[in-house]
RNA sequence: GGGCCCGUGGCCUAGCCUGGAUAAGGCACUGGCCUUCUAAGCCAGUAAUCCCGGGUUCAAAUCCCGGCGGGCCCGCCA
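What follows is the structure, given as structure tokens:
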């Protein structure tokens, strides 16, 4: 158990015992207040009786202090004891232990590779990847999949475009066909039927061509440290008969309309089969989710807000089949000041362009600060900083919040940003590197030290919360607060130059270094020993 | 028209789920701090009708209802 919980439980047990004594039947309200009031507060405002001063005093012991302040009973952990417990908890490595034990599947990105990833799509990837890291960190088994659409209207339009306009970029070729879809309707239908009938040669050639495009997308993601455990091809669910199985299982719910099959839901029709006999994306997605539900405890989809209706329908139909364990993380769009990104308006911001700018800016800064560094080291450092800055700048927003992209914000390397965090890490590292060894310190913690240690003590709870609520931004915010608290400590508490406090402070710096590193890795930020 | 999401200092966000003590950060702005472990840092200051109106409550940024503004969706597309 982490120290925070341990002390909280001690306090709660005392309160519960007292409540029983005083015959308080109302539920007890206990929460974490503004830190200036203490570590915990028992809010008795709703209680019918006033808790007597003597009873409050009797609760106190050498570990925990209770203090009445009006209707609030402020609870403070013994700072020395609490700080020492947290410090040992971290430095022993116990803070890395976790239970987890569930099998997760995260499907993210899954974009049609009709062009390079733009930053809106990248938000999907970064959320998905960070959640995967968090859940793994919590001791779970996590598999990450990219669902590759290789069948259906858009894909056939892309293939046809590449065939008709071999000299154009594939993005442009796709656009020409998709925007004049009526003109190519029969050709598209011909291709769809071949795919649907499981024409192996046709599907093979489709995949070969798509794989080249997909590689382009994966390369961008790879540079951000994002990897997949598997690519799932949509057409596989046709080839292995799962799609057929879905239609059979759903037969009792299906209604017919000129040969097309649909399910009625909320006065809407959810189509599962076209009148020409082909399946729809929805049907294949059902098949995919049945596979997910069967093989994993918690399958998670990362979807843009435009997929909400699709997912609602999916949930409904899956429930008909007895499947209810699918989770989802929705995120809002990244827009520019001119509004939604669109190729036509020319305001699309591609991930690779953002990365390039970010790395360039980092390089300029590194050159300014370390003119004597060799060329390779400069490039390497700049790349790590630039990429981390992009990741952090996207993950720090809560997913449902729309992001208005500005270059100024994206390339801000001060304050709430990755370089700030990396800088704090480097500072702590610099102290530790100047040290041969140190002994276990005393418990004469000063306020700044306690502040930092308390912040570190929150880490495991934050991790757990981020994992439970699917809010990676919580961890992002925490890591900033932690780094910021360290910078205050750094200013006020000399470590190496103060022999009297040296050992104790080294313990603190060591612990900070470990926690921050762990959190940075979990968030997918690069670790640099120096900055 | 219907459904979902967002609305917090000049700008960007956290807090809302689980209602409580002067609403918390960042950017920008103003002033200060490098002969002392990395100034991508630190300290101080200016700055908020928590979109509006009702309701519930001893207590509402937080819960409920109704508006307003912005986004997304409503296809035999994916």
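In the working numbering, the protein residues as written are 275 to 805. Using N, Cα and C, we set each Cβ at its ideal position, and we do this for glycine too. Here the structure is a predicted model, which is why all the values come from computation and not from measurement.
### residue 625 beta carbon less than 9 Å from that of residue 737
no
### Message
Which residue marks the beginning of the alpha helix (DSSP H) containing residue 288, and which one marks its end?
### Response
277-295
### Query
For the beta strand (DSSP E) that residue 350 lies in, which residues bound it at each end?
346-351
### Task
Provide the residue span of the alpha helix (DSSP H) that contains residue 460, from first to last.
459-470
### Task
Within the same chain, show all residues whose beta-carbon is closer than 7 Å to that of residue 713, passing over the 5 residues directly before and after it, in chain order.
777
### Contact check, residue 508 vs residue 425, beta carbons under 9 Å
yes
### Message
Whole angstroms are fine: how far does the CA of residue 541 sit from the CA of residue 517?
### Response
25 Å
### Task
Tell whether a beta-carbon distance below 9 Å holds between residue 352 and residue 364.
no
### Query
Straight-line CA distance for residue 243 to residue 658?
Nothing about residue 243 can be reported from this structure: the residues present for the chain run from 275 to 805 only.
### Query
Smallest Cα separation from residue 785: which of 681, 755, 772 and 706?
706
### Query
Which residues in the same chain have their Cβ closer than 8 Å to the Cβ of residue 417, if we skip the five residues on either side of it in sequence?
377, 378, 379, 380, 503, 504 and 570
### Task
Since I believe residue 313 is in contact with residue 349 (beta carbons under 8 Å), could you give me their beta-carbon distance rounded to a whole number of angstroms?
6 Å
### Query
Touch check for the segment 393-401 and the segment 303-322: three-plus C-beta pairs under 8 Å?
no
#### Entry: CA nearest to the CA of residue 463, picked from 410, 495, 552 and 535
552
#### Entry: Every unbroken beta strand (DSSP E) inside the segment 554-608 [3 residues or more]
572-578 and 601-605
### Query
Of the residues 336, 386, 306 and 281, which one's Cα is nearest the Cα of residue 360?
281
### Query
For residue 624, does the three-state DSSP call read helix, strand or coil?
strand
### Query
Among residues of its own chain, excluding the 5 on either side of residue 334, which ones have a beta-carbon nearer than 6 Å to its beta-carbon?
340
#### Entry: Contacts around residue 692, its chain only, beta-carbon distance under 6 Å, and the 5 residues preceding and following it disregarded
662, 663, 666 and 799
### Task
Would you kindly report the start and end of the unbroken alpha helix (DSSP H) that includes residue 402?
393-411
### Query
From residue 805 to residue 451, what does the alpha carbon distance come to, in whole angstroms?
49 Å
### Query
DSSP beta-bridge partners for residue 419?
381 and 504
### Message
Contact between the segment 619-637 and the segment 764-783 is defined here as three or more beta-carbon pairs at a separation below 8 Å; is this criterion met?
### Response
no
### Query
Among 354, 330 and 355, which residue has its Cα nearest to the Cα of residue 345?
330
### Query
Beta-carbon separation of residue 414 and residue 367 under 9 Å?
no
### Message
Helix, strand or coil, according to DSSP, for residue 340 in the structure here?
### Response
strand
### First through last residue of the alpha helix (DSSP H) which encompasses residue 678
Residue 678 -> not in any alpha helix (DSSP H); beta strand (DSSP E) instead, spanning 677-679.
### Message
Using the three-state DSSP reduction, which class does residue 425 fall into: helix, strand or coil?
### Response
coil
### Task
Report yes if the CB atom of residue 304 is closer than 9 Å to the CB atom of residue 321, and no otherwise.
no
#### Entry: Nearest residue (CA-CA) to residue 519, options 564, 779, 479 and 699
564
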